[in-house]
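So in the UniProt record's numbering, spot 106 of the sequence shown is number 106, and the numbers just go up one at a time. Take a look at the structure set out below.
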Amino acid sequence: MTDSPIKDYSDEDDDAEFYCDACEKRRNLNDRSYYCAEPGCRFVAHIHCLITEILCFLEEESSFNISQVVKEQQDEEVISSVVEESSLVTSESNRIEVPGNLNIAELDDEIEKLRIEIEALTAKLGAFERRRAHLASSTI
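Following this line, the structure appears as structure tokens:
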């Protein structure tokens, strides 16, 4: 990130037209810009365009990871429900159990897993709502 004028090529005139590689709109040489410092890379973008791209990427990456966790948890739930149905057990009256021989500690574990799933889904919902708001504001 720099405040220095960034040209696409060093031999270009200051009066040449320069464009943001992210949004492809014209950029002013005096605006803050991001440029890729890797040799051979000529990526130059408005700071706000880059931040938007990074946030979108992080939201997509986050929702992918959350989706994987949710899918794995759903798979586990299906398996455990099949096991529970096939192994209904009654126990002593002083010990609380549910189908599948789950004791209180195991129920607490299941409750915690569900809370984590709720948090993940809430985070995913928030990401979608932010993305929608961003898209809605950029189309106005």
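Note that beta-carbon positions come from the ideal geometry of N, C-alpha and C, so glycine has one too. All values reported here derive from a predicted model rather than from experimental measurement.
For this session: State yes or no: is the C-beta of Leu-29 within less than 8 Å of the C-beta of Phe-18?
Result: In contact: Leu-29 and Phe-18 (Cβ atoms closer than 8 Å).
Problem set entry | Among Cys-23, Ala-16, Glu-106 and Phe-128, the one whose alpha carbon lies nearest that of Glu-61 | Per the Cα distances, Phe-128.
Exercise. Would the beta-carbon of Glu-59 fall within 8 Å of that of Arg-131?
Worked result: Taking 8 Å as the Cβ cut-off, Glu-59 and Arg-131 qualify as a contacting pair.
For this session: Could you have a look at Leu-125 and say whether DSSP puts it in helix, strand or coil?
Result: Looking at Leu-125 - three-state DSSP - the assignment turns out to be helix.
For this session: Express the C-alpha separation of Ala-136 and Lys-25 in angstroms, rounding to a whole number.
Result: Taking the straight line from one Cα to the other gives about 19 Å.
Exercise. Can you name the start and end residues of the beta strand (DSSP E) that Ala-45 belongs to?
Worked result: Boundaries of the beta strand (DSSP E) around Ala-45: 44 to 46.
Exercise. How would you label Arg-32, buried or exposed, when you count the other beta carbons within 10 angstroms and need 16 or more for buried?
Worked result: Taking all protein chains shown into account, Arg-32 has fewer than 16 neighbouring C-beta atoms within 10 Å of its C-beta and is therefore exposed.
Problem set entry | Euclidean distance between Cα positions of Ala-45 and Ala-37 | If I take the Cα positions, the gap works out to 12 Å.
Problem set entry | Cβ shell of Leu-125 (< 8 Å), same chain only, five flanking positions each side left out | For Leu-125, where only same-chain residues beyond five positions count, there are no Cβ hits under 8 Å.
For this session: From the DSSP output, in three-state form, read off Leu-29 for me.
Result: Here DSSP, grouped into helix, strand and coil, assigns Leu-29 to coil.
Exercise. For Cys-41, is the classification buried or exposed, using 16 other Cβ atoms within 10 angstroms of its Cβ as the cut-off for buried?
Worked result: Under this definition Cys-41 is an exposed residue.
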